[in-house]
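In the numbering used here, the protein residues as written are 2 to 420.
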Ligand SMILES: Cc1ncc(COP(=O)(O)O)c(C=O)c1O
């Protein structure tokens, strides 16, 4: 019997009826409907930081739902979990006096919110011409209209042209290229630069030495807002609560989602610096950010996110990530010597990728997906990033033995994968 479920990023003609049906999870493991166990090397989609099966998060949702499951936050309404979560997230951010705009659907909503807020800020400051947003090659900023347009992965953007206008792209690793683009456009026309501190879905690229400090300084000098897209890196994945703290970014806006709730409820947050908030919050201001979603600041999602952050703190999982950073890098390092591997990128928290050698990919374009399948057949879940690299981003609760298991299974798959 065929399925009625249309999967994201899937060829339904071949998948129909053949999906792997996951029914249960515990720690770093998930189980399918045949009872088969898989080590989740990617924390679902980079989000299940506290691991699967955390009953206390289910209980937080149930308790809030019994009390008041949902109520809107448009115009003048609020709820205790929304207020508490905003305070908590603002306090975690390395930005004094931050405000928090909660989004319902995850990172894509946060990115589109941040892009609109950046432009609204300049309008409120009387600088209407500052409208262009700049992003990087290999960037992934979600699948809403602005995020798709800011994306730097052609396969995701080309089918949808024309995209949102006034968006420019620069090389992922070249700060001088950013400055040149700002100068060519005229700084008076540029609203913001969107930057993943560690590029994620584009293939896991940690920032080149000095790159982030340079682009931050360039944005400051040209009065361009710096937006750190921390949808993946936020809430612990790089071994700091926020990568903005690890890399001393002092951003104007931070977009987050995923690790905010570890995926136990869909929710995101835009963390807004005091500078960007000021024209909207200043006593007597008539400015309004005319933006929001039905489920912005959804009480049940906020309660789950609060409980999740409490759990991360209580179990000291951010420090655990910092401790596991060299363990993961050392476990994957030998793969770099494999003839089919081009590069191993690791060393920023629990974020890594194993890139398939370019000549191997060129000679055999299907090799990446066959490796993903071979790895899954051996009981480990990974996925192919931008057609070039295998993702490793496990839950923070992963053990050193389980990290070793991921490396072993990857090696075995590379050793045996055939055409
Ligand atoms: C850096 C970044 N921004 C935005 C998004 C979009 O988030 P979502 O898929 O939750 O909408 C993602 C998703 O992976 C991401 O990695």
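For each residue, glycine too, the CB sits at the ideal point set by N, CA and C.
What residues match up with residue 196 in a beta bridge as DSSP calls it? 229
Is the beta carbon of residue 322 less than 7 Å from the beta carbon of residue 333? no
Residue span of the alpha helix (DSSP H) that contains residue 282, given as start and end: 275–282
Mind checking residue 96: buried by the 16 CB within 10 Å criterion, or exposed? buried
DSSP puts residue 23 in a beta bridge; with which residues? 33
Checking 7 Å against the spacing of the C-beta atoms, do residue 268 and residue 262 come in under that value? yes
Completely contained beta strand (DSSP E) runs for the segment 129–171, where each covers 3 or more residues: 133–137 and 168–171
Of the residues 417, 164, 208 and 222, which one's Cα is nearest the Cα of residue 189? 222
Where does residue 39 sit, in a helix, a strand or coil, going by DSSP? strand
C-alpha distance - residue 111 paired with residue 361, whole-angstrom precision: 37 Å
By DSSP's criteria, residue 344 is part of a beta bridge. Which residues make up the other side? 356
Between the Cα of residue 82 and those of 94, 103, 93 and 76, spot the shortest distance and give me the residue it belongs to. 103
Is the Cβ-Cβ distance between residue 39 and residue 380 less than 7 Å? yes
Is there a Cβ from chain C that is less than 7 Å from the Cβ of residue 412? Reference to chain C is not applicable here, since this structure consists of a single protein chain.
Given this structure, state the Cα-to-Cα distance separating residue 316 from residue 54, to the nearest angstrom. 15 Å
Report the residue from 157, 217, 385 and 166 whose alpha carbon sits nearest the alpha carbon of residue 138. 157
Grab the span of the beta strand (DSSP E) containing residue 392 for me, first residue to last. 390–393
So residue 229 packs on residue 198, CB below 8 Å; how close in whole Å? 6 Å
What are the boundary residues of the alpha helix (DSSP H) that includes residue 102? Careful: residue 102 lies outside any alpha helix (DSSP H), inside the beta strand (DSSP E) at 100–104.
Which whole-angstrom value is the C-beta distance of residue 205 and residue 352, which I expect to be below 8 Å? 6 Å
C-alpha distance - residue 299 paired with residue 59, whole-angstrom precision: 16 Å
Look up residue 112 in the DSSP assignment and say whether it is helix, strand or coil. helix
Check residue 191 in the structure and name its three-state DSSP category. strand
Spatial neighbours of residue 343 within its chain, please: CB distance less than 7 Å, with the 5 preceding and 5 following residues excluded, ordered by chain position. 356, 357, 358 and 359
Would you report the Cα separation of residue 247 and residue 347, rounded to the nearest angstrom? 16 Å
Could you check the C-alpha separation between residue 350 and residue 240 for me, to the nearest Å? 5 Å
Cβ-heavy atom distance, residue 358 to ligand 1, below 6 Å: no
So residue 195 and residue 179 are in contact, right, with Cβ under 8 Å, and what is the actual spacing, rounded? Not really, about 11 Å apart at Cβ, beyond 8 Å.
Once the 5 residues before and after residue 43 are set aside, which same chain residues still bring their CB inside 8 Å of it? 382, 383, 384, 392, 393, 394 and 395
Just confirm the distance between the C-beta atoms of residue 20 and residue 4, as a whole number of angstroms; I'd bet it's less than 8 Å. 7 Å
Ignore the nearest five residues each way along the sequence and tell me which others in residue 41's own chain have a CB closer than 8 Å to its CB. 26, 29, 30, 31, 49, 53, 382, 395 and 396
Residue 283 burial status per 10 Å Cβ neighbour count (16 or more: buried): exposed
Nearest-angstrom Cβ-Cβ length linking residue 225 and residue 271, presumed shorter than 8 Å: Contact flag wrong, Cβ pair sits at about 17 Å.
Between the beta-carbon of residue 116 and the beta-carbon of residue 134, is there less than 7 Å? yes
Euclidean distance between Cα positions of residue 132 and residue 236: 30 Å
Do residue 251 and residue 277 have their C-beta atoms within less than 7 Å of each other? no
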